[in-house]
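Beneath this line is the structure, given in structure tokens, with notes to follow.
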Amino acid sequence: STVLVLNGPNLGRLGSREPDVYGSANLDDLRTLLVASARPGVSIDLRQTDDEAELIHWLYEAVDERMSVILNPAAFTHYSYALRDAAALVTKASLCLIEVHISNPHARETFRHTSVVSAIATGVIAGLGFDSYRLALDFVTAP
Ligand code: DQA
Numbered sequence: 834s835t836v837l838v839l840n841g842p843n844l845g846r847l848g849s850r851e852p853d854v855y856g857s858a859n860l861d862d863l864r865t866l867l868v869a870s871a872r873p874g875v876s877i878d879l880r881q882t883d884d885e886a887e888l889i890h891w892l893y894e895a896v897d898e899r900m901s902v903i904l905n906p907a908a909f910t911h912y913s914y915a916l917r918d919a920a921a922l923v924t925k926a927s928l929c930l931i932e933v934h935i936s937n938p939h940a941r942e943t944f945r946h947t948s949v950v951s952a953i954a955t956g957v958i959a960g961l962g963f964d965s966y967r968l969a970l971d972f973v974t975a976p
């Protein structure tokens, strides 16, 4: 099976963007970590976009191809009803969608305390750095 690992805006800059908050590792390091920790037979398809429409279309792809999703919606988390509605299609189709965050948004600015995605997600993991993704992967691929 393939797990889609989708990353929203500005996450392409991981490694150099606010390393005090997000650490110094980049998305290639994240891919390497996830590939190394995936169960046998599990493929990791890790993508990043700054484009809301592209992210929405990838969620349709998850529905059509019946793939579990690990989603870091980044700043879209806090205001994109369009992304939420697309993410809801995934969980309505009885597929897992785990919302993940590298930082703990609840420990940061007030505007980050709201997620419009969480209510339709299967679950949420935040604040554990790249381990947020690793634990989500373990869950969605558990036998
Ligand atoms: C983030 C948290 C968001 O508030 C922020 O906009 C991001 C990254 C995280 O992974 O901690 O871009 O989703």
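Using the numbering used here, read the sequence shown as starting at 834 and increasing by one per residue.
Using N, Cα and C, we set each Cβ at its ideal position, and we do this for glycine too.
- For Ser901, the enclosing beta strand (DSSP E) covers residues 901-905.
- Between Leu916 and Asp878, the alpha-carbon positions lie close to 19 Å from each other.
- A Cβ-Cβ distance of about 7 Å is found for the pair Leu867 and Arg967, placing them in contact under the 8 Å criterion.
- If you draw a straight line from the Cα of Val902 to the Cα of Phe909, it is about 16 Å long.
- Per DSSP, Asp883 is not a residue of any alpha helix (DSSP H), being assigned neither H nor E.
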